[in-house]
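Here is the structure we will look at, set down as structure tokens.
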Amino acid sequence: MAKRVAIVGAGVSGLASIKCCLEEGLEPTCFERSDDLGGLWRFTEHVEEGRASLYKSVVSNSSKEMSCYSDFPFPEDYPNFVPNSLFLEYLKLYASRFNLLKCIQFKTKVCSVTKCPDFATSGQWEVVTLHEGKQSSAIFDAVMVCTGFLTNPHLPLDSFPGLKNFKGQYFHSRQYKHPDIFKDKRVLVVGMGNSGTDIAVEASHLAKKVFLSTTGGAWVISRVFDSGYPWDMIFMTRFQNMFRNFLPTPIVSWLISKKMNSWFNHVNYGVAPEDRTQLREPVLNDELPGRIITGKVLIKSSIKEVKENSVIFNNTPKEEPIDIIVFATGYTFAFPFLDESVVKVEDGQASLYKYILPAHLPKPTLAVIGLIKPLGSMIPTGETQARWVVQVLKGATTVPPPSVMMAEVNERKKNKHSGFGLCYCKALQTDYIPYIDDLLTSIKAKPDLRAMLLTDPRLALSIFFGPCTPYHFRLTGPGKWEGARNAILTQWDRALKVTKTRIVPESPSPFETLLKLFSFLAFLVAVFLVFL
Numbered sequence: 001m002a003k004r005v006a007i008v009g010a011g012v013s014g015l016a017s018i019k020c021c022l023e024e025g026l027e028p029t030c031f032e033r034s035d036d037l038g039g040l041w042r043f044t045e046h047v048e049e050g051r052a053s054l055y056k057s058v059v060s061n062s063s064k065e066m067s068c069y070s071d072f073p074f075p076e077d078y079p080n081f082v083p084n085s086l087f088l089e090y091l092k093l094y095a096s097r098f099n100l101l102k103c104i105q106f107k108t109k110v111c112s113v114t115k116c117p118d119f120a121t122s123g124q125w126e127v128v129t130l131h132e133g134k135q136s137s138a139i140f141d142a143v144m145v146c147t148g149f150l151t152n153p154h155l156p157l158d159s160f161p162g163l164k165n166f167k168g169q170y171f172h173s174r175q176y177k178h179p180d181i182f183k184d185k186r187v188l189v190v191g192m193g194n195s196g197t198d199i200a201v202e203a204s205h206l207a208k209k210v211f212l213s214t215t216g217g218a219w220v221i222s223r224v225f226d227s228g229y230p231w232d233m234i235f236m237t238r239f240q241n242m243f244r245n246f247l248p249t250p251i252v253s254w255l256i257s258k259k260m261n262s263w264f265n266h267v268n269y270g271v272a273p274e275d276r277t278q279l280r281e282p283v284l285n286d287e288l289p290g291r292i293i294t295g296k297v298l299i300k301s302s303i304k305e306v307k308e309n310s311v312i313f314n315n316t317p318k319e320e321p322i323d324i325i326v327f328a329t330g331y332t333f334a335f336p337f338l339d340e341s342v343v344k345v346e347d348g349q350a351s352l353y354k355y356i357l358p359a360h361l362p363k364p365t366l367a368v369i370g371l372i373k374p375l376g377s378m379i380p381t382g383e384t385q386a387r388w389v390v391q392v393l394k395g396a397t398t399v400p401p402p403s404v405m406m407a408e409v410n411e412r413k414k415n416k417h418s419g420f421g422l423c424y425c426k427a428l429q430t431d432y433i434p435y436i437d438d439l440l441t442s443i444k445a446k447p448d449l450r451a452m453l454l455t456d457p458r459l460a461l462s463i464f465f466g467p468c469t470p471y472h473f474r475l476t477g478p479g480k481w482e483g484a485r486n487a488i489l490t491q492w493d494r495a496l497k498v499t500k501t502r503i504v505p506e507s508p509s510p511f512e513t514l515l516k517l518f519s520f521l522a523f524l525v526a527v528f529l530v531f532l
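Given below as structure tokens:
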């Protein structure tokens, strides 16, 4: 059984990995190249090499009930969508609560991770680190890589003809920190992901003119969903997930389109995705439609040509004067401390079994945590991956031989879609709930809803029809948390507490009472059909 575990990075996945190791009796040592924990969520005025960078106004896209660690809810007075400064405080509370700081070596860069000469039998790794100019090495029984994939900006300058002649300023969104630089400028943001849209909206409050250029478009949704509830607490339920996966993809795509357009017609606003079958991450932005309808943000197609002081877009001959171009063109990822024979990145992905283990290694003692893009929060995803890895390292959970793992990885890379449910056909994309359930099943931590319906029907119904909060993952198995049941049954109370700062009495009408009765009867029929 592996004992000493090296963990690279003290961000959200690194902290979870430390805790998982400690609670299972392993000896983790975490190497963090910066001077504090937090990874992506720690804002700094300057970009730091090898660490994700964020801008001052970043707020979480997943609500606090859906994006917490599975046995550590956010404080009740935190807003549903958490600003980066509070998110960092939460991570520090987590580290303090579980005494994780003792395992972290700050200002320590991992230079290399290489297999020991006897790796085929020992599975051990030599980790070389650099601290204050002094290099040292140590042997570890296992390594967990938690460096994320938002550190290497993707900046395809050759894709923009004439850019070298541009006399204005241009930079990648990774460099962006504050909107002041846009004051009275004509700004072009290239890329309509979450960062690009955020930056365009922020710039529109100060800039003379803002253009948002997109090639494929995107669905834009608000954090405020049905009846004012957080979007993911409504969208991410086991019932809805099962229902979507039961339907043919064209029908699901049509339903998603209808739902997205219920806020505003995406075609009329020029942002509708061209490919509405393959899923791409939705853009979470509460302001964009308002900025478009007031003329503060203008949506444009892809760039045809960049000139000295202007840009020409495809499908329009008009030149638009531009002072600043922000390229929100995403990221690539790499593991500079690992040899390609260990983890090789190709076409935006690596050959990782369950998106975690290098499939070809004879010993499953190196794991990559968080290299995945689920339609769900990264914190519980990375934490569940870490729990699974620790059980593998302990020998409590076994993995197939390398040949079987490689076959599974190669099959996944073919991106064959079943024809049902949402189409997760991009690299690293996966269906959040089935993926988590698969890992939980492997470590015997998935709750048995059928048995629970007989012993605790209230909890079973809440789990199936309510939001798939991380507390579900701690009801049973290794790492079981006694507070999980109560956390599930009180999750809506915490979500509403921070919005009900002024108490308003409700006055139900007779019609509303009849409607609730009818809804309850329909609910009972649905339960009967699902569980029987």
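Mapping of the sequence shown onto UniProt numbering: residues 1 to 532, in sequence order.
Note that the Cβ used here is the ideal one computed from N, Cα and C, for glycine as well.
Here's the rule: buried if 16 or more other CB atoms are within 10 angstroms of the residue's CB, otherwise exposed. What is T332?
exposed
Can you list, in chain order, the stretches of the alpha helix (DSSP H) that have 4 or more residues and sit fully within the region 91 to 170?
-> 119 to 122
I'd like the ranges of any beta strand (DSSP E) spanning at least 3 consecutive residues and lying wholly in the region 343 to 431. 366 to 368
Quiz item: Do residue 542 and I322 have their C-beta atoms closer together than 8 Å?
Solution: The chain is shown from 1 up to 532; residue 542 falls before or after that span and cannot be answered.
| query | Should Q491 go down as buried or exposed, given a rule of 16 or more other Cβ atoms within 10 Å for buried? | reply | buried
K183: first and last residue of the uninterrupted alpha helix (DSSP H) it sits in = Counting along the chain, K183 falls outside any alpha helix (DSSP H), and DSSP gives it neither H nor E.
- Message: Quick check on this structure: which residue in R450, V58 and L440 has the alpha carbon closest to the alpha carbon of E383?
- Response: The shortest C-alpha to C-alpha distance from E383 to any of R450, V58 and L440 is the one to L440.
ask   = Given S257, which residues of its chain have a CB within under 7 Å of its CB, disregarding the five upstream and five downstream residues?
value = R276
Please report the Cβ distance between residue 534 and K177, rounded to the nearest whole angstrom; I am assuming they are in contact, meaning their Cβ atoms lie under 8 Å. Residue 534 lies beyond the range of the chain shown here (1 to 532); nothing can be said about it.
- Message: According to DSSP, is E308 part of a helix, a strand, or is it coil?
- Response: Coil, per DSSP.
On the DSSP bridge assignment, give the partners of I325 in chain order. Y170 and L188
Residue ranges of each beta strand (DSSP E) within the region 248 to 284, 3 or longer: none
Under the three-state DSSP convention, the category L338 falls into: strand
**Prompt:** Out of I292, Y229, D180 and Q385, which has the shortest C-alpha to C-alpha gap to V220?
**Reply:** Closest by alpha carbon: I292.
Inter-residue spacing [alpha-carbon to alpha-carbon] between E48 and Q105:
Approximately 18 Å between the Cα atoms of the pair.
Just to confirm, are P380 and S17 a CB contact at a threshold of 8 Å?
no
Anticipated Cβ contact below 8 Å, M236 with M66, distance rounded: 6 Å
Notebook entry, point to check: Which residues in the same chain have their Cβ closer than 7 Å to the Cβ of E23, if we skip the five residues on either side of it in sequence?
Noted result: G479
| task | Would you mind sorting N315 into buried or exposed? The rule is 16 or more other CB atoms within 10 Å of its CB. | result | Counting C-beta atoms within 10 angstroms of its own C-beta, N315 has fewer than 16 neighbours from the protein chains shown and is therefore classed as exposed.
**Selected residue, minimal CA-CA separation from I234, among W481, P467 and R485** = P467
- Query: Once you ignore the five residues that flank E132 on each side, which residues in its own chain have a CB closer than 7 Å to its CB?
  - Reply: K107
If contact is defined by three or more beta carbon pairs under 8 Å, each pair taking one atom from either stretch, is the region 346 to 355 in contact with the region 398 to 410?
yes
Query - Distance, K109 Cα to P28 Cα - result: 16 Å
Q.
Suppose you measure from the CA of V113 to the CA of E308; what does that come to, to the nearest Å?
A. 46 Å
My output table needs one value for Y69: the three-state DSSP class, helix, strand or coil. Y69 falls in the strand class under three-state DSSP.
**Asked** Starting from V201 and walking both ways along the alpha helix (DSSP H), at which residues does that stretch end?
**Response** Where V201 is concerned, the enclosing alpha helix (DSSP H) stretches over N194 to A203.
* **Candidates D118, P153, R280 and P457: closest to R51 by CA position** => Ranking D118, P153, R280 and P457 by Cα distance to R51 puts P153 first.
Proximity of L37 and A6 at Cβ, strictly below 8 Å: no
- CB-CB length for G191 against G348, believed under 8 Å: Their Cβ separation, rounded to whole angstroms, is 16 Å, which puts G191 and G348 out of contact at 8 Å.
Inter-residue spacing [alpha-carbon to alpha-carbon] between L454 and L54: 47 Å
**Bridge-paired residues (DSSP) for I299** = L212.
Practice prompt. Return yes when the Cβ of T294 is within less than 8 Å of the Cβ of G419, no when it is not.
Written response: no
Review point. What does A6 pair with, by DSSP beta-bridge criteria?
Key: T29 and V143
Option in P336, A328, R97 and P362 with minimal Cα separation from S173: A328
request  = Check F313 in the structure and name its three-state DSSP category.
outcome  = strand
Which of helix, strand or coil DSSP assigns to P75: In the three-state scheme derived from DSSP, where H, G and I count as helix and E and B as strand, P75 is classed as coil.
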